[in-house]
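Peer 1: Got a structure here, written out as structure tokens. Questions coming.
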């Protein structure tokens, strides 16, 4: 009688093993086997991290094995089981791999196909077509769209993390409990001793040092020492936490009436402001998005304020970017003066602090939350709903949506919900952050997620004109590496543009993103369908780059740039000044966040800047969803390209007082998971 050797690998994460009864059936082209109990006498089967082998003898010839069916039945109490993969050795000595990488819960069962990636057109056998269809029908019931707030990209229909499908939950919910993590961070930073003085002001700038931890972190310490300098202020628009707003200014907006006379002491080339603009030396950052946003009113004891500044910047003769004019609100007038470096020291300093605070709000809510977290969740939900596990695009993308839906659900549960942690320290809490996302959805376009186009659209693409823009330089290297990799994978499975256009599952995935994620807005420029291999490669690059590199660039520098509170105030407790010559240091300190809000803020930026335990970085694919040699070779080349980029960045950073490393591939996690 034919005999098969079945090898079963159990996951190594916490609680992956099971004591339940595990049954296996084989489905072949010539027949199906009986149900076999996988059990060795006097042996604890399916322990965490175990790889167990069993001999399965069948009564008759089964032909080519098409499916493996696994059933789990209760032994004592229900425990979930994480099955990594099954390998089958046939009576003829052939090995067939069946990747799984999923949880089997309760009295569950799972039907696996072999690991060869297949498009729907490759499946001619009825049982395989049926398996493909059934899998998507089940997933579409599990992964439902929901509107969390009007105008937002749709998200997963789950109120709490525990309501999510088991396969996309965190291994341990404690690891991503925001309340716990922020409290732990405050404890680790020894700042919880200030919490009883929640609403009291600091006495001066130096007083902030009481909660500033001088860890061996050159950037945060350097920020503390140099934050008041114009050079440090300008540098952050290029290589800080939010390097996506600065753009070349070719014409001043009417609402910002800066004249040559106002700024001539800052211009170093003996040219007029108009001539400097013509030469490409003038840049602008406009926080118009914040205009009309309601400030946080959740604490009746503390008034909080927002501004919507416009900042003009200049490239000096040393090719460094410095601020030359700041207007704190959008409508010019006597009570909205244009502040200048030539003004009194504290006038200019407070104007810059307002810009830094506004930058913090746009960074947290738009650059970080909307444009990485929420967008990546859309890609993830659409993938689970429309691409079966056997589809090559599912196999390619699954590592890049790992834990994204889970972290966002947790954020909606604890962080950005009504009365959530976001309300505690941020001036845009209490609903302002929701208004911001609703406004920013108008500017969320497909091309703005295509890194090279986004850089070009802001006029920031010339390395000669703007030599110290490391976010751009490193981002382009990583973008090209990802694009080369996706093009190779697309080339392996799609032999022509026609195959792309006729892949209905792929088209449904793209349509889901457009209809539900982008709410069917034509102006978003998101494709409703994809017709060519080149466009598919670009689309996949957008998905992977957004989830990995873009998120890393705007997330993991938060402690570096935002831990020194005056450099990134999460709230302001007095309105913007309406006249010059009246600002004092005492007024600035009273405007900055109080002790309690400073501590919450510090705990938040510390917690958000930490990598996950067992973080998987770009190019790491420990789950072997792909089994084919050409794809594995493409992955190896991808890793080699990324290693080269790591070396290039490390060489550039040597001896730099402010190294830029957020886009070094060895620091870019595969997915948005924190």
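Numbering (the UniProt record's numbering), first residue to last: 1 to 674.
Note that beta-carbon positions come from the ideal geometry of N, C-alpha and C, so glycine has one too.
Remember, it's a predicted structure, so these values are computed and weren't measured experimentally.
Exposed or buried, residue 353, counting other C-beta atoms within 10 Å across all chains shown (16 or more means buried)?
Peer 2: Buried.
Peer 1: Quick one: Cα of residue 633 to Cα of residue 489, how far?
Peer 2: 10 angstroms
Peer 1: Are residue 133 and residue 390 close, meaning C-beta to C-beta below 7 angstroms?
Peer 2: No, the pair does not count as a contact, with Cβ atoms beyond the cut-off.
Peer 1: Which of helix, strand or coil does DSSP assign to residue 174?
Peer 2: For residue 174, the predicted model reports a pLDDT of 48, less than 50, meaning its position is unreliable; a value from the coordinates is still stated below. Annotated three-state conformation of residue 174 is helix, per DSSP.
Peer 1: Whose CA, out of 593, 397 and 585, lies closest to the CA of residue 565?
Peer 2: Of the listed residues, the one whose Cα sits closest to residue 565 is 593.
Peer 1: How far does the alpha helix (DSSP H) with residue 128 in it extend, from its first residue to its last?
Peer 2: 126-142
Peer 1: Rounded to whole angstroms, what is the Cα-Cα separation between residue 645 and residue 240?
Peer 2: 20 angstroms
Peer 1: Quick check on residue 36: does DSSP put it in helix, strand or coil?
Peer 2: strand
Peer 1: What is the DSSP secondary structure of residue 156, counted as helix, strand or coil?
Peer 2: strand
Peer 1: Looking at the C-beta of residue 352, does it have a partner C-beta in chain C at a distance below 7 angstroms?
Peer 2: You won't find chain C in this structure, because it holds only one protein chain.
Peer 1: From the DSSP secondary-structure annotation, give me the bridge partner or partners of residue 675.
Peer 2: Residue 675 lies beyond the range of the chain shown here (1 to 674); nothing can be said about it.
Peer 1: Given that a residue counts as buried once 16 or more other Cβ atoms are within 10 Å of its Cβ, and exposed if not, what is residue 572?
Peer 2: Classification for residue 572: buried.
Peer 1: Between residue 394 and the rest of its own chain, which residues show a CB-CB distance below 7 angstroms, the 5 nearest in sequence each way excluded?
Peer 2: 383, 387 and 388
Peer 1: Might you give, ordered along the chain, the residues of its own chain that have their beta carbon closer than 7 angstroms to the beta carbon of residue 355, omitting 5 neighbours on each side?
Peer 2: 309, 311 and 326
Peer 1: With distances taken Cα to Cα, identify the nearest neighbour of residue 676 among 457, 648, 625 and 405.
Peer 2: With the chain covering only 1 through 674, there is no way to say anything about residue 676.
Peer 1: By the 10 Å Cβ neighbour count, where 16 or more other Cβ atoms means buried, how is residue 194 classified, buried or exposed?
Peer 2: In this prediction, residue 194 has a pLDDT of 49, which is less than 50 and means its spatial position is unreliable; what the coordinates show is noted afterwards. When all chains shown are included, residue 194 counts as buried.
Peer 1: Starting from residue 25, trace the beta strand (DSSP E) both ways and give me its first and last residue.
Peer 2: Unbroken beta strand (DSSP E) run through residue 25: 21-28.
Peer 1: Between which residues of its own chain and residue 82 is the CB-CB distance below 6 angstroms, once the five residues before and five after are set aside?
Peer 2: 11, 16 and 103
Peer 1: Take residue 29 as the anchor and find which of 22, 64, 519 and 9 has the nearest alpha-carbon.
Peer 2: 64
Peer 1: Which stretch, first to last residue, makes up the beta strand (DSSP E) that contains residue 118?
Peer 2: Segment: none, residue 118 is in no beta strand (DSSP E) and carries neither H nor E.
Peer 1: Near residue 605, what residues of its chain come up, given a Cβ to Cβ distance below 7 angstroms and the 5 sequence neighbours on each side ignored?
Peer 2: Result list for residue 605: 558, 559, 562 and 563, in chain order.
Peer 1: Identify, in the order they occur along the chain, each residue of the same chain with its Cβ nearer than 7 angstroms to the Cβ of residue 148, setting aside the five sequence neighbours on each side.
Peer 2: 155 and 412
Peer 1: Indicate the three-state DSSP secondary structure (helix, strand or coil) for residue 564 in the structure shown.
Peer 2: coil
Peer 1: So, using beta-carbon positions, are residue 84 and residue 101 closer together than 7 angstroms?
Peer 2: yes
Peer 1: How big is the Cα-Cα spacing for residue 359 and residue 618?
Peer 2: 28 angstroms
Peer 1: Roughly how many angstroms separate the alpha carbons of residue 474 and residue 663, rounded to a whole number?
Peer 2: 6 angstroms
Peer 1: Is residue 62 closer than 7 angstroms to residue 111 when the C-beta atoms are compared?
Peer 2: no
Peer 1: I'd like to know whether the C-beta atoms of residue 621 and residue 399 end up nearer to each other than 7 angstroms.
Peer 2: yes
Peer 1: Smallest Cα separation from residue 710: which of 31, 528 and 163?
Peer 2: The requested residue 710 does not occur in the structure, where the chain is confined to residues 1 to 674.
Peer 1: Could you give the residue range of the alpha helix (DSSP H) that holds residue 612?
Peer 2: Careful: residue 612 lies outside any alpha helix (DSSP H) and carries neither H nor E.
Peer 1: Do you know how far the Cα of residue 501 is from the Cα of residue 670?
Peer 2: 28 angstroms
Peer 1: Within the continuous beta strand (DSSP E) that includes residue 425, where are the two ends?
Peer 2: From DSSP, residue 425 is part of no beta strand (DSSP E) but of the alpha helix (DSSP H) over 421-425.
Peer 1: Have a look at residue 649 and residue 347 and give me their C-alpha separation to the nearest angstrom.
Peer 2: In a straight line, the C-alpha of residue 649 is about 38 angstroms away from that of residue 347.
Peer 1: Identify every residue that forms a DSSP beta bridge with residue 73.
Peer 2: 21
Peer 1: Give me the Cα-Cα distance between residue 8 and residue 36, rounded to the nearest whole angstrom.
Peer 2: 14 angstroms
Peer 1: May I ask you to report which of helix, strand or coil DSSP gives residue 146?
Peer 2: strand
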